[in-house]
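Take the sequence shown: its letter number 118 is residue 118 in UniProt numbering, and every next letter is one higher.
Note that CB positions come from ideal geometry on N, CA and C, so glycine has one too.
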Amino acid sequence: MRTTTLGKNGPQVGRIGLGCMGMSWGYDEAGRDDATSIEVIQRALDLGATLIDTADAYGPYSNEQLVGRALRGRREQAVLATKVGLVPDGARQLHRNARPEYIRGAIEGSLARLGVDHVDLYQLHRVDPAVPLAESWGALAELVTAGKVRAIGLSEATLEEIKEADAIHPVASVQSELSLWTREQLAEVIPYTEERGIAFLPFAPLGRGFLTGRLQASQLSGDDMRTKMPRFQGEAFDANQAIVAKVREVAERVGATPGQVALAWTVSQGEYVVPIPGTKRLAYLEENSAAGDLVLPADALAELDAMPAPVGDRYGAAMGAAAAGPR
Ligand SMILES: NC(=O)c1ccc[n+]([C@@H]2O[C@H](COP(=O)([O-])OP(=O)(O)OC[C@H]3O[C@@H](n4cnc5c(N)ncnc54)[C@H](OP(=O)(O)O)[C@@H]3O)[C@@H](O)[C@H]2O)c1
1 MRTTTLGKNG
11 PQVGRIGLGC
21 MGMSWGYDEA
31 GRDDATSIEV
41 IQRALDLGAT
51 LIDTADAYGP
61 YSNEQLVGRA
71 LRGRREQAVL
81 ATKVGLVPDG
91 ARQLHRNARP
101 EYIRGAIEGS
111 LARLGVDHVD
121 LYQLHRVDPA
131 VPLAESWGAL
141 AELVTAGKVR
151 AIGLSEATLE
161 EIKEADAIHP
171 VASVQSELSL
181 WTREQLAEVI
191 PYTEERGIAF
201 LPFAPLGRGF
211 LTGRLQASQL
221 SGDDMRTKMP
231 RFQGEAFDAN
241 QAIVAKVREV
251 AERVGATPGQ
261 VALAWTVSQG
271 EYVVPIPGTK
281 RLAYLEENSA
291 AGDLVLPADA
301 LAELDAMPAP
311 VGDRYGAAMG
321 AAAAGPR
């Protein structure tokens, strides 16, 4: 797979990474199997999808343990990223906690579960409105000095927050939602991250599976968080098929799958943009990773850029305020 670096000064990574959340948490449980997930993570390394993303909140905790097991003996081949600052309660509602003392304790837990002595990228999952960002970011910067993390990043932060943090200690990465149906980050944040040589890691680059054209409404049930997201509800789900139809049209023309087109479009947004599609299936991993070498022609990009906006918001009130970003 083609490579880039994790921002201007970071380690080399494949043009497409791997998000591990859905292996343990968040979406439908059908097909969830730790042994297969471990194979998926190891195959990702074989294919050059070396940026491996997890978080303590996923599971909670079990996803980091899973990633740790998969990387045993292969730690050096991965650029390992985890997160702190979103804390699930017993009812699976997320709460923000970015207090310095909490962060200092959380990294120890993450290192133990991952079975490593440092992580390559430690990301603040959400800025905590109850804590001055300078305090949270200062605590993260201390972890770099202590050698427990190589670099620090933000997730779902505003441009102002990114600038504020960057003035205290370099922001290595920003992880926020970016896909064909979620483009807000293109306006201000990505021009800034590209100019500053900061990595931008699109999460949910496949629109949580929707943009692949394979997601059926019948798959969404139980604890699957998409059941609470407006875009996936009844009429919106149906109306948004128009977006999939357009992606499919482009995909047929360029000889790729809709999911590959969705991923290649995110890669085309910048030199330091590295999407982290999530899957727990080997066949999907292979398909997604192959998109790292797909370069979309200008007319395809123009057509994708002109697509209509989706029906429905990204996050719903039912998910609680902590999960949603600042916007
Ligand atoms: N920072 C944050 O707040 C935040 C929020 C959300 C996610 N993330 C990170 O971003 C990563 C990716 O986002 P995501 O997993 O939410 O969404 P995504 O990558 O857009 O989509 C994942 C979904 O698409 C399906 N899928 C993957 N490849 C496919 C393919 N080729 N064909 C058909 N379906 C396919 C997966 O199914 P299977 O699982 O069944 O393969 C899964 O249901 C996460 O794993 C996590 O690491 C971060």
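Does residue i come out as helix, strand or coil in the three-state DSSP assignment?
{"i": "Gly-10", "result": "coil"}
{"i": "Val-273", "result": "strand"}
{"i": "Thr-4", "result": "strand"}
{"i": "Ser-62", "result": "helix"}
{"i": "Pro-202", "result": "strand"}
{"i": "Gln-175", "result": "strand"}
{"i": "Pro-308", "result": "coil"}
{"i": "Thr-182", "result": "strand"}
{"i": "Pro-88", "result": "strand"}
{"i": "Leu-296", "result": "coil"}
{"i": "Gly-234", "result": "helix"}
{"i": "Leu-143", "result": "helix"}
{"i": "Ala-317", "result": "helix"}
{"i": "Gly-19", "result": "strand"}
{"i": "Ala-44", "result": "helix"}
{"i": "Arg-75", "result": "helix"}
{"i": "residue 331", "result": "A question about residue 331 goes unanswered here, because the residues of the chain that appear run from 1 up to 327."}
{"i": "Glu-29", "result": "coil"}
{"i": "Ser-221", "result": "coil"}
{"i": "Asp-128", "result": "coil"}
Quick check on residue i: buried or exposed, where buried means 16 or more other Cβ atoms within 10 Å of its Cβ?
{"i": "Glu-64", "result": "buried"}
{"i": "Pro-275", "result": "buried"}
{"i": "Pro-132", "result": "exposed"}
{"i": "Val-119", "result": "buried"}
{"i": "Thr-193", "result": "buried"}
{"i": "Glu-76", "result": "exposed"}
{"i": "Ala-309", "result": "exposed"}
{"i": "Asn-240", "result": "buried"}
{"i": "Asp-53", "result": "buried"}
{"i": "Ala-57", "result": "buried"}
{"i": "Pro-297", "result": "exposed"}
{"i": "Pro-129", "result": "exposed"}
{"i": "Arg-327", "result": "For Arg-327, the pLDDT reaches just 34, beneath the cut-off of 50, and the residue's location in the model is therefore unreliable, although a value from the coordinates is still provided. With fewer than 16 Cβ atoms within 10 Å of its Cβ, Arg-327 is classed as exposed."}
{"i": "Arg-253", "result": "exposed"}
{"i": "Glu-188", "result": "exposed"}
{"i": "Ala-302", "result": "exposed"}
{"i": "Gln-12", "result": "exposed"}
{"i": "Ile-168", "result": "exposed"}
{"i": "residue 373", "result": "Residue 373 is absent from the structure shown; the chain starts at 1 and stops at 327."}
{"i": "residue 393", "result": "As displayed, the chain neither begins before 1 nor continues past 327, which places residue 393 out of reach and without an answer."}
Could you spell out where the beta strand (DSSP E) holding residue i opens and where it closes?
{"i": "Val-119", "result": "119-124"}
{"i": "Ile-52", "result": "51-53"}
{"i": "Arg-96", "result": "94-96"}
{"i": "Ala-81", "result": "79-84"}
Could you please give the first and the last residue of the uninterrupted alpha helix (DSSP H) stretch that includes residue i?
{"i": "Gly-153", "result": "Unbroken run through Gly-153 is the beta strand (DSSP E), 149-155; no alpha helix (DSSP H)."}
{"i": "Lys-163", "result": "159-168"}
{"i": "Tyr-102", "result": "100-114"}
{"i": "Gly-259", "result": "258-267"}
{"i": "Phe-210", "result": "Neither: Phe-210 is in no alpha helix (DSSP H) and is coded neither H nor E."}
{"i": "Tyr-192", "result": "189-196"}
{"i": "Thr-279", "result": "Looking at the DSSP string, Thr-279 is not in any alpha helix (DSSP H), and its letter there is neither H nor E."}
{"i": "Lys-228", "result": "Lys-228 -> no alpha helix (DSSP H), and no H or E assigned at all."}
{"i": "Ala-245", "result": "241-254"}
Are there three or more Cβ pairs, one per stretch, closer than 8 Å when the region 256-273 is compared with the region 224-237? In this structure the region 256-273 does not touch the region 224-237; the number of beta carbon pairs closer than 8 Å is below three.
Practice item. Answer yes if the region 103-122 comes into contact with the region 75-92, meaning at least three C-beta pairs across the two stretches below 8 Å, and no otherwise. Key: yes
Tell me whether the region 24-41 and the region 181-198 touch, counting them as touching only if at least three CB pairs, one residue from each stretch, are closer than 8 Å.
no
So, does the region 96-103 touch the region 146-165, judging by three or more C-beta pairs under 8 Å? no
query = Do the region 44-52 and the region 282-302 make contact, defined as three or more Cβ pairs closer than 8 Å?
reply = yes
query: Does the region 13-21 touch the region 211-218, meaning 3 or more C-beta pairs lie closer than 8 Å?
result: Here the region 211-218 does not lie against the region 13-21, with fewer than 3 beta-carbon pairs under 8 Å apart.
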